[in-house]
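In order, the protein sequence lines correspond to chains A and B.
For the first sequence, our numbering assigns the number 1 to the initial residue and increments by one for each residue that follows.
For the second sequence, our numbering assigns the number 1001 to the initial residue and increments by one for each residue that follows.
Note that beta-carbon positions come from the ideal geometry of N, C-alpha and C, so glycine has one too.
Owing to the predicted nature of the structure, the values given are computational and were not obtained by experimental measurement.
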Amino acid sequence: MPTTHAGDPLVFKGGCPQDCPDTCAMVYTVDNGKLVSVRGAPEHPITRGGLCVKLKDFAQHHYNPDRILYPQRRVGPKGSGQYERISWEEAMTTIATRWKDIIATHGSQAILNCCYLGNQGVLNGLTSGDAFFNRLGATVSEKTFCASGSSTGYLMTVGPTGGVDPESFVHSRYIIIWGLNTLSTNLHQWPIYLEAKARGAKIVVIDPQRSRTAKAADWHVRPKVGTDAALALGMMNVLITEGLVDQDYIDRYTHGYDELKERVLRDYSVGRVAEITGLPVADIQTLAREFASAQPAVIRMGVALERNRNGGQSIRAVAMLPALVGAWRHVGGGLLEMPLWEFPLKYDDMCRPDFIRPGTRVANLTRLGHCIDTFVDPPIKSLFVNNSNPVSQAGESSKLEGHLRREDLFLVVSELFVTDTAKYADILLPATMQAEQMEVMLAWGHYYLTFNEKAIEPPGECVPNSELFRRLARAMGFDDDYWKRTDEEMLESFIDWTSPKLAGWSMQRLRDVGYVSLAEGGTDTRKPHAEGNFPTPTGKCELRTTQADKGNFVVPVWRSMYNEMQSAEPVDPLPYWQPMYECAETNPALAARFPLNIISPKPHAFLNSQYANETIQQQRQGPQTVTLHPQDAKHRGIEAGEMVRVFNDRGSFRGSAVVSDDTLPGLIVAPLGYWHEFNHGSAVNAISSSEHSNLGHAPSFSDNLVEVERMA
Amino acid sequence: MTHVVIENCRDCRFTDCVASCPVSCFHVDELRAYIDPQTCIDCGACIPACPVHAIVEEFDLSDEQRHWLDVNAEAARRYPAIRGKLPALPTAAAKRASLGY
């Protein structure tokens, strides 16, 4: 509840809504009903009083004049942005009428929901529409934009453990940040690394590009893109051949060591791994030796690891390293991927997979254009988009846009702004921003569950997703109790208050305090796997996974808790590396035409595409850049600052050339997130394929070949 | 982009900014603090922390204030980075009062 003093502005507790590991606790200040500032909560152990460059003007963002404030109906051609205001009632009636008609003609699976983590709340986030669309009988959407490949690989190896508490990293003596640009995308972890460093830790960054974080590290290791699995297997080779493994830990707490050892010694000699990764043999040896000897050693895994053909098996290989050297024995030793696994949320109650009719098909959203292209029985006739911007975030965006222009594809978008996706909508619905709604925030970079109090009234007729789906349920005639609850009642039932992690906590107490840590054991004593206790079928760290028999799968939380119709491609129970889909070795004909690989890291001042419509954020981020290595630039006659076109058979986008050895030869770097309308009509995912990595259907956004040419 | 410490800091050196900075980009001499533009990541957490409004984002600088960009960059190379808050200078209270904060 707000803290009030007569005449003073009101202060409310907030939780950052963004898809970011840091999930900051915030302080909303409201004066005369207006949100005047949003700051980081000073006492919060992770937030420590500061937000980030993205959220810097979050109060003003609520008042951006471009907000969608009312339901609207398209009156011009698709994509023209011509709309007229309608009532909520008319919007709901229009949608229900069209959907009932589509269901009568094509069946309910002709409807698909595209939702992701535009909001990361328990109520209004990833799963906000799952119960509704499951009840509707829609095609189940597989939401694997980020961390699904990691999820499958991680769960096959160490199980759903939260791993090392990020606050325990102060005790680490060797920190490997692998495939993650902390200073841009996990900022609040950095002061903890600095504290560890002050206590003697070495900070190592593994990343092909010289990111901000790599520049600040003690050692930057730069393998070629897509070779992380090989590097991890090469490190294993050094550990095994030099007797640096913790054999006692391996014997007691791992499964399948002998088979792993055989493969590593047979296929991943340091010499071969040096060739694959482009790293000197000595660097691979040093990395392995230091990781083994400088305990406690810890690895912070980034999502970048999953974004190529080897993705899931890269996660597996890296996730094994701490067990091989016994790092888990120590406070601050082991691995951090996502503490989300330990959050006591009742996903079945949230998503209602019991509503799903047997045999319902699944559409993977990272290849949305491809799915719409290929689904025929029935075809996709209506798409409902909320919390997401697939034209910006899905592969083959040009193909997707082609479909969104179709008159016969009924598109409904609930949004804050008219995004690159929303501009094609037949019906636009106005969504609330975070200070305008009550919410509880889950987190995937730390252990805090955070309450977000509604601080101001929504503008116009904006509603939270929870209310949106109540209205849609009513319009569709769903009489289930699910949609008869208030936000408070839903939150109360979605969180497992009986969990030991929440002992002594209630909704009211969470609301009063603002946040609660779910990490069991103190930051200074916590050693979750000092004696194994991995939540896997064997209870051990599974070097050879016992979960390969069922084949490839997406963890149900990413697909409305539906566990049927998994793709079940064969899975190698041991980690491996192979050349990427798009490289000279695998596809020489393609590489002859498009000789450069590309990665599209997260932007510094945008959150994916969010905030990229704010002029001030555009200034902070700067225009779209395309970084080329000097030898690649020279070969093409490209000078720094020139406009270049990046293209392949899937599409193209433009950017300003940066010529720098911040990238490796053969690899270009172009940040994600730019809105097409501010970026010459396109952005980086125009060139991205619809392929998936080898586990968990992670998109292969770092596994694409392109060519670059100077604009005429 | 970066943030810069302007004139207001001189003789105050409260250094509340330092405690708020996630990347330790502050450097100090005996009179004031400076921001290393190579290290600053533009989060702006320091701006509300400063009791004398001495920190400004680059594009909010007036023409008369723009020389502080070079001053900060050069001083950051010359003086040591600090990680924790220091006691304010003895002259801080008077300077703050003179600035009207």
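### Query
Cα separation between B:ALA1033 and B:THR1039?
By 1-based counting over the second sequence, the position of residue 1033 of chain B is 33. By 1-based counting over the second sequence, the position of residue 1039 of chain B is 39. Their Cα atoms are separated by approximately 14 Å.
### Query
Expressed to the nearest angstrom, what Euclidean distance is found between the alpha-carbon atoms of A:MET643 and A:PRO458?
In the first sequence, residue 643 of chain A corresponds to position 643, counting from 1. In the first sequence, residue 458 of chain A corresponds to position 458, counting from 1. When rounded, the distance between both Cα atoms is 42 Å.
#### Entry: Amino acids of chain B, ordered along the chain, whose beta-carbon sits closer than 9 Å to that of A:LEU194
Within the first sequence, residue 194 of chain A is the residue found at index 194, counting from 1. Correct list: PRO1022, VAL1023, SER1024 and ARG1083.
### Straight-line Cα distance separating A:VAL298 from A:PHE678
Working through the first sequence from its first residue, we reach residue 678 of chain A at position 678. Working through the first sequence from its first residue, we reach residue 298 of chain A at position 298. About 41 Å.
### Task
Report the residue from A:ILE95, A:SER148, A:GLN18 and A:THR157 whose alpha carbon sits nearest the alpha carbon of A:THR538.
Here residue 538 of chain A refers to the residue found at position 538 when the first sequence is read from its first residue. When each option's Cα is compared against that of A:THR538, the closest is A:THR157.
### Task
Label A:MET1 either buried or exposed according to how many other C-beta atoms from any shown protein chain fall within 10 Å of its C-beta, with 16 as the threshold for buried.
Position 1 of the first sequence, counted from the first residue, corresponds to residue 1 of chain A. Confidence at A:MET1 is low in this model, with a pLDDT of 49, below 50, so the placement of that residue should be treated as unreliable; the coordinate-derived value is given next. Exposed.
### Query
Taking C-alpha atoms, which residue in A:GLY278, A:CYS115 and A:ALA683 lies nearest to A:PRO665?
On the first sequence, position 665 is the one that residue 665 of chain A refers to. Nearest of A:GLY278, A:CYS115 and A:ALA683 to A:PRO665, Cα basis: A:GLY278.
### Task
Could you confirm whether any beta carbon from chain A is found closer than 8 Å to the beta carbon of B:PRO1037?
Taking the second sequence and counting its residues from 1, one reaches residue 1037 of chain B at position 37. No, B:PRO1037 lies away from the interface with chain A (no Cβ there is under 8 Å from its Cβ).
### Query
Since A:ARG39 meets chain B, which of its residues come closer than 9 Å, beta carbon to beta carbon?
As a working mapping, residue 39 of chain A is identified with position 39 in the first sequence. Near A:ARG39 (Cβ distances below 9 Å), the residues of chain B are ALA1045 and PRO1048.
### Query
Taking the alpha carbon of A:SER382 as the point to measure from, which residue in A:SER388, A:GLU290, A:LEU123 and A:ARG406 has its own alpha carbon closest?
One-based indexing of the first sequence puts residue 382 of chain A at position 382. Comparing Cα-Cα distances from A:SER382 to each of A:SER388, A:GLU290, A:LEU123 and A:ARG406, the minimum goes to A:ARG406.
#### Entry: Other residues of its chain near A:GLY81: CB distance less than 7 Å, five sequence neighbours each side excluded
If you number the first sequence from 1, residue 81 of chain A lands on position 81. Cβ neighbours of A:GLY81 beyond the five flanking positions: VAL418 and LYS423.
### Task
Could you tell me whether any Cβ in chain A is nearer than 8 Å to the Cβ of B:ASP1063?
Along the second sequence, one-based indexing puts residue 1063 of chain B at 63. By this cut-off, B:ASP1063 is not an interface position.
### Task
Report the partner residues of A:ARG329 according to the DSSP bridge assignment.
The count along the first sequence starts at 1 and reaches residue 329 of chain A at position 329. Its beta-bridge partners do not exist; DSSP assigns none.
### Query
Is the stretch 46 to 61 of chain A close to the stretch 601 to 611 of chain A, with three or more CB pairs under 8 Å?
yes
### Task
Could you spell out the range, first to last residue, of the alpha helix (DSSP H) harbouring A:PRO430?
Sequence index remark: in the first sequence, residue 430 of chain A carries index 430 (1-based). Segment 427 to 430 is the beta strand (DSSP E) holding A:PRO430; no alpha helix (DSSP H) there.
### Task
Using a Cβ-Cβ cut-off of less than 7 Å, list which residues of the stretch 178 to 194 of chain A approach chain B; keep chain order.
LEU183, LEU187, HIS188, TRP190, PRO191 and LEU194
### Task
Can you pull the chain A residues whose beta carbon is under 9 Å from the beta carbon of B:ASP1011, in chain order?
By one-based count along the second sequence, residue 1011 of chain B stands at place 11. Those within 9 Å of B:ASP1011 in chain A number zero; the least Cβ separation is about 25 Å.
### Query
Looking only at its own chain, which residues have a Cβ that is under 6 Å from the Cβ of A:ALA633, when we skip the five neighbours before and after it?
Residue mapping note: residue 633 of chain A aligns to position 633 of the first sequence, counting from 1. Here the set comprises VAL659.
#### Entry: Run of the alpha helix (DSSP H) containing A:CYS115, from where it starts to where it stops
Translated into positions along the first sequence, residue 115 of chain A becomes position 115. Unbroken run through A:CYS115 is the beta strand (DSSP E), 111 to 115; no alpha helix (DSSP H).
### Query
Using a C-beta cutoff of 8 Å, does A:LYS202 count as contacting chain B?
As a working note, residue 202 of chain A is residue 202 in the first sequence. No, no contact with chain B.
### Task
Closer than 9 Å by beta-carbon distance: list the chain A residues that pair up with B:ASP1060, in chain order.
By 1-based counting over the second sequence, the position of residue 1060 of chain B is 60. Residues of chain A passing the Cβ test: none, with the nearest at roughly 10 Å.
#### Entry: Cα-Cα separation between A:SER700 and A:ARG307, rounded to whole angstroms
Translated into positions along the first sequence, residue 700 of chain A becomes position 700. Translated into positions along the first sequence, residue 307 of chain A becomes position 307. Going from the Cα of A:SER700 to the Cα of A:ARG307 covers about 4 Å.
### Interface flag, B:ASP1042 vs chain A, CB-CB below 8 Å
Working through the second sequence from its first residue, we reach residue 1042 of chain B at position 42. So, interface residue.
### Message
Let me see if you follow: with CB-CB separation under 8 Å, is A:LYS34 close to chain B or not?
### Response
The residue you call residue 34 of chain A lines up with position 34 of the first sequence. Taking Cβ atoms only, chain B never reaches closer than 8 Å to A:LYS34, which makes this a no.
#### Entry: Where A:ALA198 meets chain B, residues with beta-carbon distance less than 9 Å
In the first sequence, counting from the first residue as 1, residue 198 of chain A sits at position 198. Ordered by position in chain B, the residues that pass the 9 Å Cβ test against A:ALA198 are ARG1083.
### Query
Counting along the chain, where does the alpha helix (DSSP H) carrying A:MET236 start and finish?
Mapped onto the first sequence, residue 236 of chain A falls at position 236. Taken as a continuous stretch (DSSP letters only), the alpha helix (DSSP H) holding A:MET236 covers 228 to 241.
### Task
Mind checking who A:VAL418 pairs with in its DSSP beta bridge?
Position 418 of the first sequence, counted from the first residue, corresponds to residue 418 of chain A. Answer is none; A:VAL418 lacks a bridge partner.
### Message
Spatial neighbours of A:VAL245 within its chain, please: C-beta separation below 7 Å, excluding the five flanking residues on both sides.
### Response
To locate residue 245 of chain A, count along the first sequence from 1; it is residue 245. Closer than 7 Å at Cβ, skipping near neighbours: LEU239, LEU324 and VAL325.
### Query
If you drop the 5 nearest sequence neighbours on each side, which residues of the same chain put their C-beta closer than 7 Å to that of A:GLY200?
As a position in the first sequence, residue 200 of chain A is number 200, starting the count at 1. Closer than 7 Å at Cβ, skipping near neighbours: ARG173.
### Query
Closest to A:LYS484 by CA distance: which of A:ILE276, A:ARG470 and A:PRO358 is it?
Reading the first sequence from its first residue, position 484 is the one you call residue 484 of chain A. Closest option to A:LYS484, Cα to Cα, is A:ARG470.
### Beta-carbon proximity of B:VAL1018 to B:ILE1082, cut-off 8 Å
Here residue 1018 of chain B refers to the residue found at position 18 when the second sequence is read from its first residue. Here residue 1082 of chain B refers to the residue found at position 82 when the second sequence is read from its first residue. Contact: yes.
### Query
Which residues does DSSP pair with A:PHE384 in a beta bridge?
Here residue 384 of chain A refers to the residue found at position 384 of the first sequence. Beta-bridge pairing links A:PHE384 to A:ASN113 and A:VAL412.
### Message
I'd like to know whether the C-beta atoms of A:GLU142 and A:ALA363 end up nearer to each other than 8 Å.
### Response
Position 142 of the first sequence, counting from 1, holds the residue named residue 142 of chain A. Position 363 of the first sequence, counting from 1, holds the residue named residue 363 of chain A. Contact flag set, yes.
### Query
Can you find at least 3 beta carbon pairs, one from the stretch 690 to 697 of chain A and one from the stretch 359 to 376 of chain A, that sit closer than 8 Å?
yes
### Message
Please confirm whether A:ARG405 has its beta-carbon closer than 8 Å to some beta-carbon of chain B.
### Response
Counting from one through the first sequence, the residue named residue 405 of chain A turns up at place 405. Not closer than 8 Å to any Cβ of chain B, the Cβ of A:ARG405 fails to qualify, so no.
### Residues of its chain near A:ALA138, where Cβ-Cβ distance is below 7 Å and the 5 sequence neighbours each way are ignored
Taking the first sequence and counting its residues from 1, the one referred to as residue 138 of chain A is at position 138. Answer for A:ALA138: SER108, GLN109, ILE111, LEU112 and ASN113, listed in chain order.
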